[in-house]
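Data block below; observations after.
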Amino acid sequence: MHKAVTVTIRILSDVLAFVVSMGVLQRIQPISQGYFADDYSIRLPRHSSTVSSVTLYSVSSVLILTTVVAVEVMIGWDSLRMKKAGIPVVLYSIYDYLLVAFYGYFVTITITDVGKAAVGRLRPSFFDQCGPNVLQSTVLGYITDYSCTSGSEKDHLDARIPTNRTSLVNIRMLDAAEAAARRLRNPVPCVQNLEVNRHEFVDLKTAHPVSQMSSQH
Numbered sequence: 036m037h038k039a040v041t042v043t044i045r046i047l048s049d050v051l052a053f054v055v056s057m058g059v060l061q062r063i064q065p066i067s068q069g070y071f072a073d074d075y076s077i078r079l080p081r082h083s084s085t086v087s088s089v090t091l092y093s094v095s096s097v098l099i100l101t102t103v104v105a106v107e108v109m110i111g112w113d114s115l116r117m118k119k120a121g122i123p124v125v126l127y128s129i130y131d132y133l134l135v136a137f138y139g140y141f142v143t144i145t146i147t148d149v150g151k152a153a154v155g156r157l158r159p160s161f162f163d164q165c166g167p168n169v170l171q172s173t174v175l176g177y178i179t180d181y182s183c184t185s186g187s188e189k190d191h192l193d194a195r196i197p198t199n200r201t202s203l204v205n206i207r208m209l210d211a212a213e214a215a216a217r218r219l220r221n222p223v224p225c226v227q228n229l230e231v232n233r234h235e236f237v238d239l240k241t242a243h244p245v246s247q248m249s250s251q252h
């Protein structure tokens, strides 16, 4: 009973920390970066993404979840077959690794969004996404004081580079590869044979290793 309460408290504290952190992150407002009035490189039309954000994030999340669960079940199969009361040990391993994976997900979002809001370069579709209303400009035509009149706050933030789509997909792929590489320690036979044969000299006429030829003589 005490163990179940401890696990419940830990899960609730992790969820609460994640929600609070995401709430703080959403309050970050982008810096009003200036631009030149004759800069036509930021007046291009906005095009919809080939792959939607929902599809991209869903597929990448399912991939890391499937990889972690499959690897941990393969490793702890013997313990799962033993019928014991309580929470299986495999679930602890799955939760711990997924917690680390989602922590990396959150850190990636934070770094990307903070960098985008602080020093992000204006996108080519900046005018289409922001529709800036010029309030004040300099003698040289450099505009620093403006307000966005079109789109939502998310569109205003997305009007800057870099994007978090690429960084999130990369961190998901790294998590999946690291989960498989860290937990599956048994050597693959074909890779092991290649690693052994890589250090052997082969006679070009007979195609036999030199060590094997020496033993035959």
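Residue numbers (the numbering used here): 36 to 252.
Glycine included, every Cβ here is placed at the ideal spot set by N, Cα and C.
Nearer than 7 Å: is that true of the beta carbon of S187 relative to any heavy atom of the ligand ATP?
You won't find the ligand ATP in this model; it holds no ligand whatsoever.
For I77, which option in G150, A211, G58, R195 has the closest C-alpha, if you only look at C-alpha atoms?
R195
Would you check if there are 3 or more beta carbon pairs closer than 8 Å linking the region 203 to 216 to the region 139 to 146?
yes
How big is the Cα-Cα spacing for M109 and S187?
46 Å
Cβ pair Y9, I144 closer than 8 Å:
Past the edges of the chain, shown from 36 to 252, lies residue 9, and the structure says nothing about it.
What ranges does the alpha helix (DSSP H) occupy inside the region 151 to 207, keeping only unbroken runs of at least 4 residues that lie completely in it?
161 to 165, 188 to 193
Hey, L157 and Q68 are a contact pair by Cβ (cut 8 Å); roughly how many whole angstroms apart?
6 Å
Can the beta-carbon of S160 be found closer than 8 Å to that of L79?
yes
Taking the C-alpha atoms as reference points, what is the distance between L134 and F162?
39 Å
When D131, D190, S96 are compared against G166, the one with the closest alpha-carbon:
D190
For the region 68 to 150, which segments carrying the alpha helix (DSSP H) assignment without a break, of at least 4 residues, lie completely within its bounds, in sequence order?
88 to 110, 112 to 116
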